[in-house]
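Quick notes on the structure that follows.
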Amino acid sequence: MKITILGSGTATPSLLRNSSGLFIETPDLKIIVDMGAGTLRRMCEAGIDYREIDVIALTHFHPDHVTDFISFLFASNYAHGPMRTSPFNVIGPTGLEQFYKKLIEIFGQWIVPSQNRLIMREVSATSPDRVKIEGVRIVSSPAAHSFPSVSYRIETGETALTISGDTDVSENLVKLAQDSHTLVCECSMPDTMKVSGHMTPSEAGAIAAQASASRLILTHFYPPCDSVDVVSVARTQFGGTIVKAQDLMTFTLS
Ligand SMILES: [Zn+2]
Ligand SMILES: [Zn+2]
């Protein structure tokens, strides 16, 4: 499995840090988790063709996680050049179908992929759930956020990756991330500026330690996190590998 950070930022506009987005490539599937504004452009920079995406998994419907989903849908019908003809999957917590319906009320049929190519799968926002596509298991678990939200664990036969999405400290996340090779964990604010519904570096470190993950990738940084050594702070809690995400970084899980 290989992953590319498409957006390590948040709602704050930034040249350095795009809103949330993560690309995951397994032997069977190409997956995007969250599509904040600019995700499609970052995909172009990373050489990822939007037509090859098999699964879009949305953690929740805050704009910094979903606005490029609209552009993706529009591109799936009206971008120049050959279109993808095979179906693709969209996964999200309860409310996904309602969210999509509302988007269609606003944008009309322009954003409805032709030939029924979109397969929608809601997962529970209140209890653990799972979806299996090809050889990949996508397990979800409710997150502790200000909006119905889930974290995802992506498992192939060989390895497991957990993505926290937006969440406060949560026992659910510890369970979901258990023995993951890599935990991509939100780290919105420094320890001194803790915000409810989000995590700090020491909290992210503690989650990675409790989950016995091998590697912790910190992401979802509001600007104050770039004035602090978040890795050293997380290190006080977690002895494994810790990386501070930057857009377009790539990692291999094995
Ligand atoms: Zn967010
Ligand atoms: Zn959020």
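The sequence shown finishes on residue 253 if you use numbering that gives the first Met the number 0, and the numbering steps up by one all the way, no holes.
Glycine included, every Cβ here is placed at the ideal spot set by N, Cα and C.
Hey, would you say residue 172 sits closer than 8 Å to residue 200, going by beta carbons?
For the 8 Å CB-CB criterion, residue 172 and residue 200 do not form a contact.
Locate the alpha helix (DSSP H) running through residue 100, then write down its first and last residues.
Here the alpha helix (DSSP H) through residue 100 covers 95-106.
Contact under 8 Å by Cβ, residue 88 with residue 118:
Closer than 8 Å, so yes.
Return yes when the Cβ of residue 153 is within less than 8 Å of the Cβ of residue 30, no when it is not.
Contact: yes.
Only counting the same chain, and skipping five residues up and downstream in sequence, which positions put a Cβ closer than 8 Å to that of residue 73?
Within the same chain, residue 73 has close Cβ partners 106, 109 and 110.
Excluding sequence positions up to five away, which residues of its chain have a Cβ less than 6 Å from the Cβ of residue 1?
Result list for residue 1: 24 and 251, in chain order.
Can you tell me whether residue 249 is helix, strand or coil according to DSSP?
DSSP places residue 249 in the strand class (E or B) of the three-state scheme.
N-terminal and C-terminal residue of the beta strand (DSSP E) that residue 63 is part of
From DSSP, residue 63 is part of no beta strand (DSSP E) but of the alpha helix (DSSP H) over 62-77.
Per the DSSP calculation, residue 159 is bridged to which residue(s)?
According to DSSP, residue 159 shares a beta bridge with 154.
Using DSSP bridges, identify the partner residues of residue 56.
Residue 56 is bridged to 32 and 90.
Is the CB-CB distance between residue 228 and residue 198 below 8 Å?
Against a cut-off of 8 Å, the Cβ pair of residue 198 and residue 228 comes out as no contact.
Output yes or no for whether 8 Å exceeds the beta carbon distance between residue 146 and residue 60.
Yes, the Cβ-Cβ distance between residue 146 and residue 60 is below 8 Å.
Ligand 1 and residue 166: does any heavy atom of the ligand fall closer than 7 Å to the residue's C-beta?
No, the Cβ of residue 166 stays beyond 7 Å of every heavy atom of ligand 1.
Tell me the DSSP bridge mates of residue 128?
For residue 128, the pairing in a beta bridge is given by DSSP as 139.
List the endpoints of the continuous beta strand (DSSP E) containing residue 3.
Counting along the chain, the beta strand (DSSP E) containing residue 3 begins and ends at 1-6.
If you measure between the beta carbons of residue 165 and residue 58, is that distance less than 8 Å?
For the pair residue 165 and residue 58, the CB atoms are nearer than the 8 Å cut-off.
Contact set for residue 49: own chain, Cβ-Cβ below 7 Å, skip 5 residues either direction
Once the five neighbours on either side are set aside, the close Cβ partners of residue 49 are 39, 42, 71 and 74.
Beta strand (DSSP E) segment containing residue 118, residue limits
Residues 117-122.
So for residue 110, helix, strand or coil by DSSP?
The three-state reading of DSSP puts residue 110 in helix, counting H, G and I together.
Nearest CA to the CA of residue 143: which residue from 204, 53, 55 and 194?
That would be 194, whose Cα lies nearest to the Cα of residue 143.
Looking at residue 204 and residue 233, is the spacing between their C-beta atoms short of 8 Å?
Yes; because the gap between Cβ atoms is below 8 Å, this pair is in contact.
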